[in-house]
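Have a look at the structure below, then the notes.
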Amino acid sequence: MNIFRHSILLLVFFFFSMLAFAQQISFSGTVTDGHTKEPVAYASVYFARSGVGKSTDSAGNFSFTLNNFKDDTLKVSFIGFEIYKIPITQLQNNQTLNIQLERGTAKGEVIIKAKWNRGLFLWKKIMSKKKQYNRYDLGNFSYEAYNKLEIDIKNFNTDKAKRNFLLKNFTFIFDNMDSTSEAAPFLPAYLIESLSDYAYQKNPKKFYENIKASQTKGFNNESFSKLLGVMNQNVSIYSNFVNVMDKDFISPFNDNADAYYIFTVPDTQIVNGGKQYHFVFAQSVPGKILLREMPG
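Heads up, the sequence shown stops at 680 in our numbering, and the numbers go up one at a time, no gaps.
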């Protein structure tokens, strides 16, 4: 009788152990470009039904450990590629997937609702190393600086301006209208460029700048130049605020910049064996004094 009871307990234990094993699965994988064979960093890897997901790391790797999983489909997506799909029933425990994404083709208008914001994810990665990126936290440094300050007139009505008799002799300025880089055309009105040697010492605090060359285009007015400020525009993008023309603009790497900017990564390229990201920021709150990315 005791032997029979022990046998039943052993079978019950074995049954529940097998059931627990069947309800848990671990697997990993690498996502690559099917054409270039390069890893696809920060691709979205998620389950369509449950919504559980994550992004690949900088080497295109990912891993999952699932408990009590149900019938679902694993999807891998990235801008410019076709969505890769595999049913969860085809996955095996401790399996390593080699997923190659194929380039997609344009199919008319597409509305994308991303579950994973790659731009915001990259911004957070940069912010985690903000202090070591900020050169003003170093003891001393020096570099050759190129500064460019451009002022544009946006929403400029060319047809109306051409009919204005006061601008009759200045129609040549309309040849400089930029109507290709933005949705609304704008007129470049003023440009300052300078090349200088810059050196900085933290303790005691000292800095030195030698302007080697400079040029000004646009309004030839000394008072206007003074209004805009001096040539010295040593911008520290990792500061919370960027001072331009005696105005403090909220930096895209302000501690709370995600409340003011929208971050996107429209393109990733391999240059000399290193990965480079096109990191774009745009204003999300109208009326705030913010920076914006300039074309070119």
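Virtual Cβ for every residue (Gly too), placed ideally from N, Cα, C.
- With fewer than three CB-CB distances shorter than 8 Å, the stretch 447 to 463 does not count as touching the stretch 516 to 525.
- The beta carbon of residue 484 sits closer than 6 Å to those of 416, 418, all from its chain and outside the five residues before and after it, given in chain order.
- From the listed residues 425, 436, 456, 578, the smallest Cα separation to residue 442 is found for 425.
- Membership of residue 663 in the beta strand (DSSP E) is indicated by the continuous run 658 to 667.
- One alpha carbon belongs to residue 435, the other to residue 460, and they sit about 12 Å apart.
- The stretch 500 to 511 and the stretch 640 to 657 touch, with no fewer than 3 CB-CB distances between them shorter than 8 Å.
- Look at residue 487 here: in three-state DSSP terms it is strand.
- If you look at residue 505, you'll find it isn't in any beta strand (DSSP E); it sits in the alpha helix (DSSP H) that goes 502 to 511.
- For residue 631, no alpha helix (DSSP H) segment is defined; the enclosing uninterrupted segment is the beta strand (DSSP E) at 631 to 634.
- In this structure residue 427 is not in contact with residue 414, their Cβ atoms being roughly 10 Å apart against a cut-off of 8 Å.
- When rounded, the separation of the alpha-carbon atoms in residue 411 and residue 475 is 8 Å.
- Taking the Cα positions, residue 531 is about 32 Å away from residue 501.
- Cβ neighbours of residue 592 within its own chain (closer than 6 Å, five residues either side excluded): 583.
- DSSP places residue 430 in no alpha helix (DSSP H) but in the uninterrupted beta strand (DSSP E) bounded by 428 to 431.
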